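Chains A and B, in that order, give the protein sequences.
Be aware that the first sequence starts at 572, since it is given in our numbering, and climbs by one per residue.
Be aware that the second sequence starts at 572, since it is given in our numbering, and climbs by one per residue.
Have a look at the structure below before the remarks.
2 protein chains.
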Amino acid sequence: MARILIVDDDRNIADGLAQLVTLEGYEAIVAYDGQTGFDQFQSNDVDLLILDIMMPHVDGYELCKRIRTLDTLVPVIMLSAKSEEIDKVVGLEIGADDFVSKPFGSREIIARIRARLRKSTPSSKDQSFSLSDLMVDSTSYRACRTDQVIELTSRDVKVLRLFYEKQGQVLSRDDIYDCGWGRHLVFNSRVVDQYISQLRKRIEINSQQPQIIKTVHAIGYRYEAF
Amino acid sequence: MARILIVDDDRNIADGLAQLVTLEGYEAIVAYDGQTGFDQFQSNDVDLLILDIMMPHVDGYELCKRIRTLDTLVPVIMLSAKSEEIDKVVGLEIGADDFVSKPFGSREIIARIRARLRKSTPSSKDQSFSLSDLMVDSTSYRACRTDQVIELTSRDVKVLRLFYEKQGQVLSRDDIYDCGWGRHLVFNSRVVDQYISQLRKRIEINSQQPQIIKTVHAIGYRYEAF
DNA sequence: TTTAATCTTACAAATTCTTTACAAAATGCT
DNA sequence: AGCATTTTGTAAAGAATTTGTAAGATTAAA
Numbered sequence: 572m573a574r575i576l577i578v579d580d581d582r583n584i585a586d587g588l589a590q591l592v593t594l595e596g597y598e599a600i601v602a603y604d605g606q607t608g609f610d611q612f613q614s615n616d617v618d619l620l621i622l623d624i625m626m627p628h629v630d631g632y633e634l635c636k637r638i639r640t641l642d643t644l645v646p647v648i649m650l651s652a653k654s655e656e657i658d659k660v661v662g663l664e665i666g667a668d669d670f671v672s673k674p675f676g677s678r679e680i681i682a683r684i685r686a687r688l689r690k691s692t693p694s695s696k697d698q699s700f701s702l703s704d705l706m707v708d709s710t711s712y713r714a715c716r717t718d719q720v721i722e723l724t725s726r727d728v729k730v731l732r733l734f735y736e737k738q739g740q741v742l743s744r745d746d747i748y749d750c751g752w753g754r755h756l757v758f759n760s761r762v763v764d765q766y767i768s769q770l771r772k773r774i775e776i777n778s779q780q781p782q783i784i785k786t787v788h789a790i791g792y793r794y795e796a797f
Numbered sequence: 572m573a574r575i576l577i578v579d580d581d582r583n584i585a586d587g588l589a590q591l592v593t594l595e596g597y598e599a600i601v602a603y604d605g606q607t608g609f610d611q612f613q614s615n616d617v618d619l620l621i622l623d624i625m626m627p628h629v630d631g632y633e634l635c636k637r638i639r640t641l642d643t644l645v646p647v648i649m650l651s652a653k654s655e656e657i658d659k660v661v662g663l664e665i666g667a668d669d670f671v672s673k674p675f676g677s678r679e680i681i682a683r684i685r686a687r688l689r690k691s692t693p694s695s696k697d698q699s700f701s702l703s704d705l706m707v708d709s710t711s712y713r714a715c716r717t718d719q720v721i722e723l724t725s726r727d728v729k730v731l732r733l734f735y736e737k738q739g740q741v742l743s744r745d746d747i748y749d750c751g752w753g754r755h756l757v758f759n760s761r762v763v764d765q766y767i768s769q770l771r772k773r774i775e776i777n778s779q780q781p782q783i784i785k786t787v788h789a790i791g792y793r794y795e796a797f
């Protein structure tokens with residue numbers, strides 16, 4: 572069954588929620604502050620997150636943003652005290668999926684958890700994959716070809732994995748931004764072009780004639796194995 | 572780009588939303604009542620739904636429930652008038668993903684649409700279709716026949732899909748322009764003729780004797796499967 | 001603070017789109 | 001049929017858009 576990470580500095584709420592979701596058959600992991608929550612997320616395979624917005628030090632927005640750098644898909648439900656003015660637009664832009672105001676009924680939160688879990692399909696991610704003559708290892712953040720080792724950032728790994736998973740398809744700059752940055756490309760920015768240009772310099776043998784990431788004019792970029 | 576079906580009996584809101592999402596680069600389909608909305612959903616490949624809750628006859632809840640019997644994944648955003656008591660728990664249980672109260676700001680609704688579309692995996696159906704001996708794949712922007720792979724632009728895919736969906740019918744230059752360019756053909760321009768000419772060169776075996784897109788003199792162009 | 005990473009801007013190069021022009025084809029009219 | 005008119009095909013030129021990427025600006029990290 573699904574594993575839910577609950578992060579709230581109010582121990583009553585955190586523990587109560589944990590008890591509630593356990594009764595519903597989920598597995599609960601609890602953290603009472605943002606930093607611990609982030610560590611727990613990294614050391615556990617979490618299927619859904621419930622984050623309190625107002626927390627000392629690392630707050631819910633910040634934690635959500637950090638988690639989105641690691642995982643752009645896991646559903647995130649944000650909790651807010653009734654009194655707090657909650658900026659849902661900002662929340663959605665940093666990658667939150669839903670917002671629940673305290674106090675909330677147990678029926679409501681369970682319905683929302685169910686709705687989010689129904690959407691997310693679990694996928695076992697491969698540790699390494701190959702793109703043309705390049706072997707990408709996502710645990711060591713390195714890619715190698717016969718005579719070369721290339722250091723990669725976590726963004727590189729995310730983007731390269733997207734190209735690997737969607738090989739043959741044309742990925743829009745939006746798709747790539749979503750994947751590598753964890754949020755939507757709002758205005759007309761050339762970040763992705765620039766990023767691809769730099770990435771090519773590192774991973775292509777001749778970046779003037781890219782063999783791995785090809786440009787598809789007016790649509791985006793494509794990788795294709797041969 | 573994603574196609575959004577908007578169902579609201581208030582034509583001002585429905586049309587305003589359509590205009591807004593069109594400006595954002597989405598394709599809008601509008602229905603002013605639940606039954607029409609349901610029909611539109613069935614006859615179009617819809618990526619996201621915006622449903623008003625209060626509608627005569629088939630209301631938003633009912634429509635959402637019906638649509639969920641056909642598709643459990645497509646994101647649904649529900650609209651409610653400020654005054655209405657909105658039962659989000661029921662909404663979530665019947666499969667709605669988000670709720671927006673009227674009146675809403677354009678920034679808010681766009682942020683929510685983006686957030687939902689980011690999550691939803693492209694519906695696998697209708698990603699590719701065949702025109703005569705040509706197989707068109709809209710994710711890789713390519714068409715193939717037995718011995719040939721043809722690169723397509725996004726306009727090509729849109730127009731070819733139109734010919735596929737309306738096979739047998741004669742499409743006016745206006746229809747084709749609307750579909751491929753996303754706006755109306757105002758003055759007398761030969762763009763569409765020129766475009767069809769170039770497209771034929773690429774997709775027809777002999778562009779002098781087109782087998783896929785045929786000319787219907789003084790009316791437009793037609794595709795017909797054999 | 002300095003340093004590194006990331007993003008925006010700018011502009012040339014590449015590519016695609018639109019208009020124009022004229023010949024060919026289709027249609028209408030006597 | 002023959003001739004005039006409308007419609008279509010398409011080459012070619014010019015307009016517009018899109019891309020690659022260097023350089024400067026900004027932001028984040030140390």
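Note that beta-carbon positions come from the ideal geometry of N, C-alpha and C, so glycine has one too.
This structure is a prediction, so every number in the text was calculated from the model and none was measured.
Short of 8 Å in beta carbon distance, which residues of its chain neighbour residue i, apart from the five on each side in sequence? Order them along the chain.
| i | result |
| --- | --- |
| A/Ser-677 | Leu-591 |
| A/Gln-698 | Asp-708, Ser-709 and Thr-710 |
| A/Tyr-712 | Glu-722, Leu-723, Thr-724, Ser-725, Asp-727 and Val-728 |
| B/Ser-695 | Note on B/Ser-695: pLDDT 39, under 50, position unreliable in the model; the coordinate value appears next. Excluding positions up to five away in sequence, the list is empty. |
| B/Asn-802 | Limits of chain B in this structure are 572 at one end and 797 at the other, which puts residue 802 of chain B out of reach. |
In terms of alpha-carbon separation, which member of the options lies closest to residue i?
| i | options | result |
| --- | --- | --- |
| A/Ile-774 | A/Arg-793, A/Val-787, A/Arg-716 and A/Tyr-597 | A/Arg-716 |
| B/Ile-721 | B/Pro-646, B/Met-706, B/Gly-608 and B/Tyr-735 | B/Met-706 |
| B/Thr-607 | B/Tyr-597, B/His-755, B/Ile-638 and B/Thr-593 | B/Ile-638 |
| B/Ser-672 | B/His-628, B/Ile-624 and B/Val-601 | B/Ile-624 |
| B/Asn-759 | B/Arg-771, B/Cys-635, B/Cys-750 and B/Ser-743 | B/Ser-743 |
| A/Ile-665 | A/Pro-646, A/Glu-679, A/Gln-613 and A/Asp-610 | A/Pro-646 |
| B/Val-763 | B/Lys-737, B/Ile-790, B/Gln-740 and B/Gln-738 | B/Ile-790 |
| B/Lys-737 | B/Ala-796, B/Arg-754 and B/Gln-769 | B/Ala-796 |
| A/Met-572 | A/Ile-684, A/Cys-750, A/Phe-670 and A/Trp-752 | A/Ile-684 |
| A/Ile-776 | A/Leu-650, A/Asp-718, A/Gly-751 and A/Trp-752 | A/Asp-718 |
| A/Arg-754 | B/Leu-688, B/Arg-761 and B/Ala-714 | B/Leu-688 |
| B/Thr-593 | B/Gln-769, B/Gln-765 and B/Trp-752 | B/Trp-752 |
Please list, in chain order, the chain B residues whose beta carbon lies closer than 7 Å to that of residue i.
| i | result |
| --- | --- |
| A/Ile-575 | Residues of chain B passing the Cβ test: none, with the nearest at roughly 16 Å. |
Can you give me the Cβ contacts of residue i inside the same chain, cut-off strictly under 7 Å, excluding the 5 residues immediately before and after it?
| i | result |
| --- | --- |
| A/Asn-583 | none |
| B/Leu-515 | Because residue 515 of chain B is not part of the residues shown, which for chain B are 572 to 797, the question remains open. |
| A/Arg-771 | Ser-778, Pro-781 and Ile-784 |
| A/Leu-634 | Val-578, Gly-605, Gly-608, Phe-609 and Leu-622 |
| B/Ile-767 | Ile-784 and Tyr-792 |
| A/Cys-750 | Thr-643, Lys-729, Val-730 and Leu-733 |
Residues of chain A with a CB under 7 Å from the CB of residue i: which are they?
| i | result |
| --- | --- |
| B/Arg-685 | His-755 |
| B/Tyr-712 | Val-741, Val-787 and Ile-790 |
| B/Asp-616 | Per Cβ cutoff of 7 Å: no residues; B/Asp-616 is ~17 Å from chain A at best. |
With a CB to CB cut of under 6 Å and the five nearest residues on each side skipped, what residues in its chain are close to residue i?
| i | result |
| --- | --- |
| B/Gly-587 | none |
| A/Ile-621 | Ile-577 and Ile-648 |
| A/Leu-756 | Asp-745 and Tyr-748 |
| B/Val-629 | Gly-605 and Gln-606 |
| A/Gly-739 | Glu-795 |
| B/Val-787 | Val-741 and Arg-793 |
| B/Phe-700 | Val-707 and Tyr-735 |
Residue j and residue i - do their beta-carbons sit closer together than 8 Å?
| i | j | result |
| --- | --- | --- |
| A/Ala-667 | B/Asp-668 | no |
| A/Ser-725 | A/Thr-640 | yes |
| B/Ile-681 | B/Glu-598 | no |
| B/Val-617 | B/Arg-574 | yes |
| A/Asp-704 | A/Pro-627 | no |
| B/Leu-589 | B/Tyr-603 | Looking at the sequence shown, residue 589 of chain B is not Leu but Ala. No; because the gap between Cβ atoms is not below 8 Å, this pair is not in contact. |
List, in order along the chain, the chain B residues whose C-beta lies closer than 9 Å to that of residue i?
| i | result |
| --- | --- |
| A/Gln-782 | Going along chain B, no residue has its Cβ under 9 Å from A/Gln-782, so there is no contact; the nearest lies around 17 Å. |
Could you tell me which residues DSSP pairs with residue i in its beta bridges?
| i | result |
| --- | --- |
| A/Leu-733 | DSSP output for A/Leu-733 lists no bridge partner at all. |
| A/Tyr-794 | A/Ile-784 |
| B/Asp-623 | B/Leu-650 |
| B/Val-720 | B/Cys-715 |
| B/Ser-701 | B/Met-706 |
Show which residues of chain A have a CB atom less than 8 Å away from the CB atom of residue i.
| i | result |
| --- | --- |
| B/Thr-724 | His-788, Ala-789 and Ile-790 |
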